[in-house]
Structures are given as structure tokens and as C-alpha cells.
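*Asks:*
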Amino acid sequence: MAIFHQLPSEILISVVEHIGNRDDLLAFALTCHTLCQIIIPDYLDYFRISSTRNDLGRWSRLLQSLRLFKNTRELILEEATLRIHSRTTSRLHEGLLHMTNVRRAKFGCTLDLGHLAEILDALAYSKCTLEEIDLGLYFQRINESPSWEAIKGLPIWTKFDLSVLNKLAIQLRRESHLPILGEITFLGNMLSNAHVLTHLHLTIERTNSMTFLNLAKYTWPNLENLVINSTIHLVPMGVYQNPSDLISFFKRHSSLTTLSLPSNIFPQFPNLPHYISVEHLPRLKAFSYETPISHEVLQLNRVLSPASARRLCHLTISEKVAERSNMDIYKELASLQSCCITSQSTLVNYTTIHQILKIFVGRVTNLQKIHLPPQHVSDRRLQEKNFVTLSLLRGLPNLTHLSGWVSSLPGTEVTWKQQLREFQHFDKLKFVIPTRNWPTDADVNEERTLFFRFTRDSEGKLMVEDVLGDVLPSGVGYLSWGGFYRGMVNEV
10 MAIFHQLPSE ILISVVEHIG NRDDLLAFAL TCHTLCQIII PDYLDYFRIS
60 STRNDLGRWS RLLQSLRLFK NTRELILEEA TLRIHSRTTS RLHEGLLHMT
110 NVRRAKFGCT LDLGHLAEIL DALAYSKCTL EEIDLGLYFQ RINESPSWEA
160 IKGLPIWTKF DLSVLNKLAI QLRRESHLPI LGEITFLGNM LSNAHVLTHL
210 HLTIERTNSM TFLNLAKYTW PNLENLVINS TIHLVPMGVY QNPSDLISFF
260 KRHSSLTTLS LPSNIFPQFP NLPHYISVEH LPRLKAFSYE TPISHEVLQL
310 NRVLSPASAR RLCHLTISEK VAERSNMDIY KELASLQSCC ITSQSTLVNY
360 TTIHQILKIF VGRVTNLQKI HLPPQHVSDR RLQEKNFVTL SLLRGLPNLT
410 HLSGWVSSLP GTEVTWKQQL REFQHFDKLK FVIPTRNWPT DADVNEERTL
460 FFRFTRDSEG KLMVEDVLGD VLPSGVGYLS WGGFYRGMVN EV
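Here the working numbering runs 9 ahead of the position in the sequence shown, where the first position is 1.
1) Do HIS208 and SER172 have their C-beta atoms closer together than 8 Å?
2) Classify GLU503: buried if its beta carbon has 16 or more other beta carbons within 10 angstroms, exposed otherwise.
3) Applying the 10 Å Cβ sphere with the 16-neighbour rule, what's the burial state of SER239?
4) Helix, strand or coil for LYS115? Go by DSSP, reduced to three states.
5) Does the region 311-327 touch the region 271-288, meaning 3 or more C-beta pairs lie closer than 8 Å?
6) With C-beta atoms as the reference, is GLU141 less than 8 Å away from VAL111?
7) With distances taken from CA atoms, which of ASN375, ARG182, ASP436 and LEU177 is nearest LYS113?
8) Helix, strand or coil for PRO315 per DSSP?
9) Among PHE369, SER263, LEU270 and TYR298, which has the Cα closest to the Cα of PRO406?
10) Taking all protein chains shown into account, do 16 or more other C-beta atoms lie within 10 angstroms of the C-beta of ASN175, making it buried, or fewer, making it exposed?
11) Beta carbon of LEU181, beta carbon of LEU232: below 8 Å?
12) Beta-carbon within less than 7 Å of ARG261's beta-carbon, same chain only, minus the 5 sequence neighbours each way: which residues are those?
13) Counting along the chain, where does the alpha helix (DSSP H) carrying VAL330 start and finish?
14) Assign LEU20 to buried or exposed, taking buried as 16 or more other Cβ atoms, counted over all protein chains shown, within 10 Å of its Cβ.
15) Between the Cα of PHE278 and the Cα atoms of LYS294, SER257, SER297 and GLN308, which residue gives the shortest distance?
16) For the beta strand (DSSP E) holding HIS210, just list the boundary residues, first then last.
17) Give the straight-line distance between the Cα atoms of ASN280 and ARG333, rounded to the nearest whole angstrom.
18) Using the three-state DSSP reduction, which class does LYS4 fall into: helix, strand or coil?
19) Taking Cβ positions, are LEU86 and SER135 nearer each other than 8 Å?
20) If you check the beta carbons only, do THR300 and LYS329 fall under 8 Å apart?
21) Answer yes or no: do LEU402 and HIS363 have a C-beta to C-beta separation smaller than 8 Å?
22) Can you give me the C-alpha to C-alpha distance between LEU144 and LYS437, rounded to a whole angstrom?
23) Using the DSSP secondary-structure output, state which residues sit across from GLU299 in a beta bridge.
24) DSSP state of LYS378, grouped into three classes?
25) Look up ARG320 in the DSSP assignment and say whether it is helix, strand or coil.
26) On the CB-based measure, 16 or more other CB atoms within 10 Å of its CB, does SER269 come out buried or exposed?
27) Go ahead and label ARG292 buried or exposed: buried means 16 or more other beta carbons lie within 10 angstroms of its beta carbon, across all protein chains shown.
28) Under a Cβ-count criterion, where at least 16 other Cβ atoms within 10 Å of its own Cβ denotes burial, should HIS323 be classed as buried or exposed?
29) Using only CA atoms, which one of GLN353, PHE396, GLN433 and TRP414 lies nearest to ILE379?
30) Given a cut-off of 8 Å on the beta-carbon distance, is the pair SER272 and TYR298 in contact?
31) Look at LEU321 and ILE350 and say whether their C-beta atoms are less than 8 Å apart.
32) At which residues does the alpha helix (DSSP H) containing THR361 begin and terminate?
33) Among the candidates LEU345, ALA331 and PHE169, whose CA atom is the shortest distance from the CA of LEU376?
34) Give the single residue among VAL373, LEU399 and VAL306 whose Cα lies nearest to the Cα of TYR339.
35) Three-state secondary structure (DSSP) at GLU288?
36) Using a 10 Å radius around the Cβ and a threshold of 16 neighbouring Cβ atoms, would you call ASN210 buried or exposed?
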């Protein structure tokens with residue numbers, strides 16, 4: 010790249026015009042200081058800006074000097090140090106003033122309220138209107154965040170135009186002893202202005218039901234996709250929550266097609282009708298119901314009405330939910346196309362999983378994608394269990410994608426490609442995708458993901474092709490780490 014420093018501006022512009030890959034364009038610009046001083050024509054619409062640990066200073070100078078970035082529609086910040094170095098943050102603040110057309114902002118680092126307020130203030134000054142926001146927010150101790158006192162009562166979103174925001178993904182982290190009032194104030198100020206929201210993905214750490222109760226009072230008439238994740242620090246919500254608040258929230262959001270909630274969000278009340286019914290959510294097609302921690306789980310058959318179950322196309326549940334639910338609810342899942350069963354345990358209760366698969370055989374004829382939790386401990390009956398699992402999976406005639414469970418197949422004395430010959434009777438199986446927790450095997454690169462693609466030769470003989478890489482084959486990206494439901498809904 011050093012030779013480019015000697016080139017005239019006219020030649021540099023000509024070179025830039027012929028760079029087809031936008032990532033290459035950014036890499037070229039950041040390695041050539043001369044490019045910081047020339048003006049790139051407006052029609053070079055570079056839509057994505059990504060900062061890394063080493064290039065943030067030059068990136069911010071580019072942002073201030075090039076008209077190219079006035080056309081930027083996507084802002085991605087990956088630099089964690091911008092919340093530490095005030096000088097860098099100041100440069101970034103100045104550069105953001107030029108981003109009048111940005112529509113999507115993603116912050117790959119976790120910001121505190123003070124730095125977030127500075128960035129949003131600059132974007133608000135540029136009068137850009139965001140359609141998508143993806144950020145992580147850290148609520149520090151009051152005495153560690155000088156901006157907290159100024160921010161906690163300041164509606165930092167009121168001057169920011171969120172009238173066209175339709176996708177929001179936010180991860181909230183907080184000190185365990187910090188009052189949750191800060192979270193509620195922040196979320197309230199932010200979401201009260203997002204009137205056309207269609208996708209809301211909220212990840213909560215160290216909080217309790219009051220955060221969701223604050224959300225439940227809002228109404229987004231266009232909301233289609235709601236995902237709420239929680240960590241092991243989540244306090245059981247059923248202790249505090251009134252079930253009528255939750256049911257009322259569902260009734261006001263009948264447009265929901267995808268819903269993912271932690272199991273402890275549903276309070277346990279005897280003789281209570283189903284929380285989710287066709288009357289509440291008539292368009293619901295994908296539902297995720299997992300257990301974040303070991304506590305009392307409300308049965309799936311008490312959360313989901315039989316009529317709603319019959320409409321579902323995609324279901325994700327944890328092993329604990331599957332184990333503690335009445336098996337009759339699985340008989341209603343005739344329209345299911347994909348099913349994901351997750352587990353946080355190394356010893357999985359496959360007896361329950363076998364019962365579910367037996368119900369699916371002959372009933373759920375359209376099931377195409379399935380994820381089963383792998384077992385990572387040795388068990389003398391493991392081979393027998395896997396034989397039963399394999400036999401039941403063969404009863405699903407349209408199965409095309411299988412993930413997770415295959416990593417617990419017994420035997421490391423032969424290659425995994427040979428082990429996968431066990432699936433030769435699956436006529437339509439296209440991909441077998443294991444998790445990263447593989448046993449030691451010469452065929453496996455532990456740093457990347459291994460896929461097996463199934464094809465047949467001209468004689469109909471099974472061919473197994475291993476695909477090793479970070480980029481998934483088209484159509485199976487949501488199967489990579491096991492829970493394909495998450496990847497399917499996390500579009501922000």
C-alpha cells in the first residue's frame with residue numbers, strides 16, 4: 010500500500026472507482042493516508058463503516074473529510090476503546106455530524122449511558138432517521154459514571170427521531186446492586202417514541218420483572234417479532250407479575266408472528282386459562298420457550314393453547330420445559346416445520362426426547378429441520394440411546410437439516426465422515442451440522458464450524474461432502490450453533 014502514497018489524486022480516485030468490494034474499499038482507504046485528503050464522488054455509496062482497534066483514529070478523520078460518508082446508510086462501531094479514550098470519542102462525535110443518511114446503527118461494544126448520549130446527540134444533530142439500532146448498554150455504579158446523574162432523568166431519546174425505527178436490539182447489563190429505576194427510565198424514554206416498531210429483541214442481565222412490566226404498558230401496533238432473553242441472574246418474574254398484564258399485552262399485539270420469552274416470565278396461577286391462545290395471537294407462527302435457570306417451570310401446555318399449537322411452524326424449547334410438560338401438547342404440533350430442543354446440561358434426558366419424537370412420527374409429516382441437544386459425557390448406554398434416536402429420526406420422511414445431536418455419536422476410532430454413513434437411509438437429508446463441542450478428531454478444526462452436506466451420485470449412492478468454514482451454506486445459517494430458532498429471528 011505504500012506505493013499509493015506517491016500517486017496523484019486523480020489516479021487514486023480512478024482506483025477507488027474500480028473497487029467493487031466495499032470492505033476492500035474501506036481497507037484501502039484506511040491504509041492510504043493520502044486518501045483522507047481527496048474527495049470521493051458522491052455516487053460511491055459505501056453503506057457500511059466498521060471501526061477496529063487499530064484504525065479508529067484514521068477512520069474518524071476519514072469520516073470528517075470525505076463526502077463519501079454522507080451517503081453512508083449503515084454505521085457499525087466495533088471499537089471497545091471508544092468508551093475509554095475521550096479524545097477518540099471526541100473525534101468520533103465530530104465525524105458523526107456528517108452522517109445525515111445513516112439508517113442502521115450497530116454498536117459492537119458495550120456503552121455506558123454517557124457515551125451513548127454523546128453519540129446519539131451527534132446523530133440527532135445530523136438529523137438522520139434510524140430504522141435499525143443494535144446496541145449494548147452497561148449501567149454502571151452511580152459513583153463510577155459521572156454522566157449518570159445527568160442522564161438518569163434526562164430523556165436522551167426525546168430529541169432523537171425514532172419515528173421510523175422498526176428494528177431494535179438492545180442488551181442491558183447492570184451492576185447487581187444498581188437500582189432498576191435507571192433501566193426503566195431509559196427504556197421508557199426510548200420506546201415511547203418508537204411508534205412503528207416491528208422487531209424488538211431485548212437481552213436482560215441482572216434484572217427482574219419490573220423491566221418487562223414497564224414494557225408491557227406500551228403498545229406497538231405493528232410489532233411482529235418479540236424476543237426477550239435473560240441470563241441466570243434473572244429473578245423469577247412470576248413472584249411479582251400479574252398474569253392479566255401479560256395477557257393484556259398479547260391482546261394488544263395480535264400482529265405478533267414470532268415470540269421468544271424465558272419460561273420464568275409466566276407466573277404460575279392455578280385455574281388460569283392459557284396465556285397464548287388463537288384469540289390473543291392469531292398470527293403466531295414461531296414460539297420459543299426456554300428455561301434460563303433451574304426453577305419451577307410453567308408447563309408448555311399451560312402457556313400454549315392446543316389451537317395455537319396447531320398453527321405453529323417453528324418451536325424452540327429447553328429440555329427442562331420438554332421434561333415437565335404434558336406430552337399431549339406435542340400431539341397438536343401437526344404443522345411444525347422446525348423444532349429445536351436445547352439444554353444447558355451435559356447429561357441430557359433423552360427419554361423425554363424419544364417420547365416427543367415418537368409423537369412426531371406419523372403426525373408431524375412436514376418437519377424439515379430439527380436440533381437435538383448433544384451429550385458431552387460418556388455413558389455406557391449412549392450407543393443404545395443413539396440407536397433409538399436414529400431409528401425415530403428415520404420416521405420423519407421430510408427431514409433435511411439435523412444439528413446438535415450428531416456430535417454425541419459414539420466412536421472416535423473412525424473419522425466422523427464415516428460415522429455419518431449412518432444417515433444413508435435419509436433420502437432427503439441435506440445437511441448434518443454438529444456443535445463446536447466435538448471430541449478430539451483429526452478431521453475437525455475446533456476453531457471453525459464443520460458441516461456435512463449429503464448428495465447422491467448418478468447411481469443414487471450416498472455421497473458425503475464435508476464443508477469447513479465460517480460462512481454457512483445458503484439456507485442453513487440459522488443452524489450453525491445449535492439453536493436455529495435464534496438465528497431465524499435475530500435479524501437486527
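By construction, the Cβ of each residue, glycine as well, lies at the ideal position given by its N, Cα and C atoms.
*Replies:* Answer, in terms of the structure:
1) It is not a contact, given that the beta carbons lie outside the stated cut-off.
2) Look at the range of the chain in this structure, 10 to 501, and you will see that residue 503 is not part of it.
3) With 16 or more Cβ atoms within 10 Å of its Cβ, SER239 is classed as buried.
4) Three-state DSSP puts LYS115 in a strand.
5) Counting C-beta pairs closer than 8 Å gives three or more between the region 271-288 and the region 311-327, which meets the contact rule.
6) No, Cβ-Cβ distance for GLU141 and VAL111 is not below 8 Å.
7) The residue you asked about is not Lys; residue 113 is Arg in the sequence shown. Measuring from the Cα of ARG113, the nearest candidate turns out to be LEU177.
8) Three-state result, PRO315: helix.
9) Of the candidates PHE369, SER263, LEU270 and TYR298, the one whose C-alpha sits nearest the C-alpha of PRO406 is PHE369.
10) Buried, because 16 or more other Cβ atoms sit within 10 Å of the Cβ of ASN175.
11) In this structure, LEU232 does not lie closer than 8 Å to LEU181 by Cβ.
12) So the list reads THR228, once near-sequence residues are dropped.
13) First-last of the alpha helix (DSSP H) with VAL330: 328-333.
14) Per the sequence shown, residue 20 should be read as Ile rather than Leu. In this structure ILE20 is exposed. Its beta-carbon is surrounded by fewer than 16 other beta-carbon atoms within 10 angstroms.
15) From the listed residues LYS294, SER257, SER297 and GLN308, the smallest Cα separation to PHE278 is found for GLN308.
16) Judged by DSSP secondary structure, HIS210 falls within the beta strand (DSSP E) whose first and last residues are 208-213.
17) Distance between the alpha carbons of ASN280 and ARG333: 18 Å.
18) The structure shown does not extend to residue 4, since the chain spans only 10 to 501, so no value can be given for it.
19) Not in contact: LEU86 and SER135 (Cβ atoms no closer than 8 Å).
20) Taking 8 Å as the Cβ cut-off, THR300 and LYS329 qualify as a contacting pair.
21) Contact: no.
22) Rounded to whole angstroms, LEU144 to LYS437 spans 40 Å at the Cα level.
23) According to DSSP, GLU299 bridges with PRO271.
24) Per DSSP, reduced to three states, the secondary structure at LYS378 is strand.
25) Helix at ARG320.
26) That one is buried.
27) Exposed, because fewer than 16 other Cβ atoms sit within 10 Å of the Cβ of ARG292.
28) Burial call: buried.
29) Nearest of GLN353, PHE396, GLN433 and TRP414 to ILE379, Cα basis: TRP414.
30) Yes, they are a contact pair.
31) Contact: no.
32) Boundaries of the alpha helix (DSSP H) harbouring THR361: 359-369, taken from the DSSP string.
33) Among LEU345, ALA331 and PHE169, the Cα nearest to that of LEU376 belongs to LEU345.
34) Looking at the Cα atoms, VAL373 is the closest of the given residues.
35) Three-state result, GLU288: coil.
36) Per the sequence shown, residue 210 should be read as His rather than Asn. So HIS210 ends up on the buried side.
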